[in-house]
Amino acid sequence: MVGNAYFNNLIMTVINASESSEWREAVDEWEIYDCEEDEDCSAKCICGKENIRYLYTIRNIYNGELLFPIGSSCINKFGRKDLNDETGLIEEQFRLLHAVESNKYLSLSADFFSRKLLRWLFDEGAFDTSYNQFDGEDDYEFMLKMFNKRDKDAITIRQDRKIKAIIMNSIKPFLQERLEEKIR
Ligand SMILES: [Zn+2]
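With positions in the sequence shown counted from 1, the corresponding number in our numbering is that position plus 3.
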């Protein structure tokens, strides 16, 4: 199938499940409802494209219809920045979890962290643990400050130890609890 046929499939499927019959209006009717990761990339998007890794469910906010699975490159075709930001953030969560689980990367590298991701972790309570009496604000501020340091070599051994402790004791268990059942 050529690229265009996938796009036509997407348009038809979305419009059939939407209130509007105009693509440009229909795209505004949808929100991201869930996302699972298929590590084997064996699933097929609603557009027909195979081997997608992140399987999104989108939900029509007017009629409750669900579409599944849809890949982020098709969600991208909706042309909505809010949805694109959301898929970016969700995929960052999965990538970070895999990195910390393999113990491969335990620093605040921009490969796995972003300001937006740190903020999301804070808002969702990931930094609240028994170590800080369930008030994670100081840990969040610390992580943000370290992340924002342009010169990472200026991070002291002590600070680096604290970064690793927060990743292992707060972020890792939080992501595991959130995402583990969403990974197949
Ligand atoms: Zn697709």
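Every residue, glycine too, gets a C-beta built ideally from N, C-alpha and C. None of the values given here were measured: they were computed from a predicted structure.
For the alpha helix (DSSP H) that contains residue i, what are its first and last residues?
i: R83; result: Element bounds for R83: n/a, residue is neither H nor E.
i: F125; result: R118 to D126
i: R164; result: I160 to I169
i: R181; result: K175 to L182
For my contact list, residue i and residue j are in at a C-beta cut-off of 8 Å; report their separation, rounded to the angstrom.
i: I73; j: C48; result: 6 Å
i: E32; j: S21; result: 5 Å
i: F115; j: A102; result: 5 Å
i: Y38; j: K185; result: According to the sequence provided, residue 38 is Cys. The question's Tyr does not apply to it. Sure, about 7 Å apart at Cβ, within 8 Å.
i: L147; j: R118; result: 7 Å
i: S173; j: T132; result: 5 Å
i: L182; j: L111; result: Contact doesn't hold; Cβ gap of about 20 Å is too wide.
i: I35; j: I55; result: At roughly 15 Å, the Cβ-Cβ gap does not stay under 8 Å, so I35 and I55 are not in contact.
i: F150; j: K165; result: 13 Å between Cβ atoms; not a contact.
Can you check DSSP and say which residues form a bridge with residue i?
i: N63; result: W33
i: E40; result: Y57 and I186
i: A8; result: Beta-bridge pairing links A8 to no other residue.
i: A46; result: I55
Taking the beta strand (DSSP E) that residue i belongs to, which residues open and close that run?
i: F137; result: Neither: F137 is in no beta strand (DSSP E) and is coded neither H nor E.
i: F71; result: L69 to I73
Please state the DSSP three-state secondary structure of residue i.
i: I93; result: helix
i: K107; result: coil
i: K152; result: coil
i: S21; result: coil
i: D88; result: helix
i: F145; result: helix
i: T132; result: coil
i: A113; result: coil
For ligand 2, is there a heavy atom less than 7 Å away from the beta-carbon of residue i?
i: M171; result: Ligand 2 is absent from the structure shown, which contains only ligand 1.
Distance cut 5 Å, beta-carbon to ligand 1 heavy atom: residue list by chain order
The filter returns C48, C50, K52, G74 and C77, in chain order.
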